[in-house]
Amino acid sequence: MKAENTENLQPKSRWLPALVIATVALVGGIGANIWLNTGASTESVDVYSDAELKQIQEQLVATTILPDNFKSVPAFELIGANNTAVTDALFADKWSMVFFGFTHCPDVCPTTLYVMNSVIDELREQSLSEPQVVFITVDPVRDTIDKVTDYVNYFSEEFVGLSGTLNNITQLTSKLGVVASFTASETDPNNYTVDHTASMLLIDPQKNLRAKFGAPHEVDSIVKDFKTIIASFQ
Amino acid sequence: MFKKLVFLSLFLCHSAFAELPSIIDPVIPATPPGAQVAAGYLSLTNNSDSTLTIDGASSAVAKKVELHLSKVENDVAKMIKQDSVMVKAGETFEFKHGSYHLMLMGLENALKPGDVVDIILETSNGDILIEMPVKKMGMSKMKKKMDHKMDNNN
């Protein structure tokens with residue numbers, strides 16, 4: 142009885158995996174085809190192979206390239222200078238360097254904004270195209286848009302500062318994989334600090350998250366890597 | 005002013021008994037308008053033959069001054085309050101960018117380049133009054149860059 146069963150099953154079990162593989166390949170193929178076609182019709186961006194991305198990555202000093210179709214800026218509505226509504230259209234058709242921080246941050250955030258300004262100066266000195274710089278608060282409860290605007294303008298009048306509702310900002314950070322975690326002060330219950338992603342994000346003109354500049358941020362390595370990236374992803 | 009003299013005298017009394025620590029390059033980067041916080045940086049060399057602990061700090065310009073450590077772990081920037089920091093005999097402890105710093109909280113006013121902020125460091129050898137100049141951020145870095153360019157010319 143036992144042997145009979147085994148014999149009956151054997152031919153089937155030989156064919157089943159092949160059938161599954163064929164089906165997956167077929168469906169996957171159709172899926173990829175649809176995805177590629179959709180990608181090509183809405184965005185004129187090339188799809189980069191793993192080998193191509195690896196080759197670009199090898200030239201970078203302090204930056205991590207992210208895979209194609211990894212994360213994109215979702216539709217959002219935040220608040221910009223003078224209480225104007227700012228949407229994801231902010232990121233269309235230009236390269237952007239984005240940093241999430243908060244104004245009650247005396248060490249990491251000012252240093253990062255200072256470095257970003259030096260990066261822009263250096264790119265300008267070399268007559269290269271500059272990204273827009275965007276600072277988004279992860280602490281909108283304390284950081285009103287006026288506070289954020291004053292804060293970023295101190296580093297450069299050209300920087301874009303954004304605030305918004307905690308809900309809208311949390312949606313954006315979670316879609317982009319940005320961390321913002323609140324820790325209450327042990328000594329002062331009215332005070333808290335925000336642990337946040339240290340990397341600067343590089344968003345491409347198709348609003349995709351293209352790379353992460355890791356901390357500690359250094360002007361020369363960011364300039365070098367930015368040049369490599371925009372040359373590679375033209 | 006009276007308060008300042010008291011601390012200064014405390015400081016002088018102690019000097020009779022212990023080798024004073026040296027304070028190197030104290031600086032507070034100027035703060036953006038409206039900022040509630042500032043960071044103070046300096047190096048402290050313990051010239052005595054025993055361990056020195058820094059247990060706290062205070063200043064008239066801020067509601068509170070704490071010892072903080074900035075740290076990046078798994079790409080997350082954190083600030084961790086330190087109860088005290090230890091400086092072994094003969095060693096130098098650095099409060100610097102992206103590491104330990106004096107965290108001035110609840111600023112009354114923005115700190116502008118040219119201001120001098122008095123900070124009192126509470127140590128195991130007594131209080132130390134430090135005059136910390138407020139400078140535009142990145143001045144030291146710019147200087148380094150200029151020195152570097154001059155080196156290239158030589």
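In the order they appear, the protein sequences are chains A and B. Under this note's numbering, think of the first position of the first sequence as 142, with each following residue one higher. Under this note's numbering, think of the first position of the second sequence as 5, with each following residue one higher. C-beta atoms are modelled at their ideal positions from N, C-alpha and C, and glycine is treated no differently.
- Query: For H358(A) versus V256(A), is the C-beta spacing smaller than 8 Å?
  - Reply: In this structure, V256(A) lies closer than 8 Å to H358(A) by Cβ.
- Task: With a floor of 3 residues, list each beta strand (DSSP E) that falls wholly inside the segment 16–69 of chain B, ordered by position along the chain.
- Result: Look at the segment 16–69 of chain B and you find these whole runs of beta strand (DSSP E), each 3 residues long or longer: 26–33, 41–49 and 56–62.
- Query: Buried or exposed: where does H70(B) fall if 16 or more other Cβ atoms within 10 Å of its Cβ makes it buried?
  - Reply: Checking the displayed sequence, the identity of residue 70(B) turns out to be Glu instead of His. By the neighbour-count rule (16 or more Cβ atoms within 10 Å), E70(B) is buried.
- Query: Taking the alpha-carbon positions, what's the M4(B) to K82(B) distance?
  - Reply: The question about residue 4(B) has no answer, for chain B in this structure spans 5 to 158.
- Query: Leaving out five residues before and five after F241(A) in sequence, what residues of the same chain have Cβ atoms less than 7 Å from its Cβ?
  - Reply: Listed in chain order, the non-local C-beta contacts of F241(A) below 7 Å within the same chain comprise I277, V279, T314, V319, A321, H337 and T338, local neighbours out to five positions each way being set aside.
- What does T314(A) reach in chain B if we use C-beta pairs closer than 9 Å? What T314(A) touches in chain B: nothing, since even the nearest Cβ is about 12 Å away.
- Query: In three-state terms, what does DSSP make of S362(A)?
  - Reply: Three-state DSSP puts S362(A) in a helix.
- Three-pair Cβ contact test at 8 Å for the segment 45–63 of chain B versus the segment 118–138 of chain B: Segment contact: the segment 45–63 of chain B against the segment 118–138 of chain B, three or more CB-CB distances shorter than 8 Å; contact assigned.
- Message: Suppose contacts are defined by Cβ-Cβ distances below 8 Å. Is N418(A) in contact with F217(A) by that definition?
- Response: There is simply no residue 418(A) to check, as chain A begins at 142 and stops at 375 in what is shown.
- Go through its chain and collect everything with a Cβ distance to I28(B)'s Cβ below 8 Å, but skip five positions before and after it. The beta carbon of I28(B) is closer than 8 Å to those of L46, S47, L48, T49 and T96 in its chain, skipping five residues each way along the sequence.
- Task: Let me know if R265(A) comes out buried or exposed under the rule of 16 or more other beta-carbons within 10 Å of its beta-carbon.
- Result: That one is exposed.
- Message: Going residue by residue through the segment 307–365 of chain A, where are the continuous beta strand (DSSP E) segments of at least 3 residues, counting only ones entirely within it?
- Response: Here the runs fully enclosed are 321–325, 333–338, 341–344 and 350–354.
- Task: Answer with buried or exposed for Q196(A), where buried requires no fewer than 16 other C-beta atoms within 10 angstroms of its C-beta.
- Result: The residue is exposed, with fewer than 16 neighbouring Cβ atoms inside 10 Å.
- Would G44(B) pass as a contact of M136(B) if the rule is Cβ separation under 8 Å? Contact: yes.
- Item | Contacts that P137(B) makes with chain A (C-beta to C-beta distance below 9 Å) | Within 9 Å Cβ-Cβ: nothing; P137(B) doesn't reach chain A, min ~17 Å.
- Over the uninterrupted beta strand (DSSP E) stretch that includes E298(A), give me the two end residues. For E298(A), there is no enclosing beta strand (DSSP E), as DSSP marks it with neither H nor E.
- List the DSSP bridge partners of P133(B). One point to set straight first is that residue 133(B) is Leu, not Pro, in the sequence displayed. Paired residue(s): I124(B).
- Message: Quick check on Y189(A): does DSSP put it in helix, strand or coil?
- Response: Coil, per DSSP.
- Task: Pull up the distance between the alpha-carbon of I132(B) and that of I124(B), whole angstroms please.
- Result: The straight-line gap from Cα to Cα measures roughly 5 Å.
- Query: Excluding the five sequence neighbours on either side, which residues of its own chain have a C-beta within less than 8 Å of the C-beta of M141(B), listed in chain order?
  - Reply: These residues qualify, in order along the chain: P33 and A34.
- Message: For chain B, check one thing: does any of its Cβ atoms lie closer than 8 Å to the Cβ of A181(A)?
- Response: Note that A181(A) has pLDDT 39, beneath the 50 cutoff, so the model's placement of it is unreliable and no number is given.
- Query: Applying a beta-carbon distance threshold of less than 7 Å, which residues of chain B neighbour K288(A)?
  - Reply: Those within 7 Å of K288(A) in chain B are G38.
- For T278(A), the three-state DSSP class (helix, strand or coil): Three-state result, T278(A): strand.
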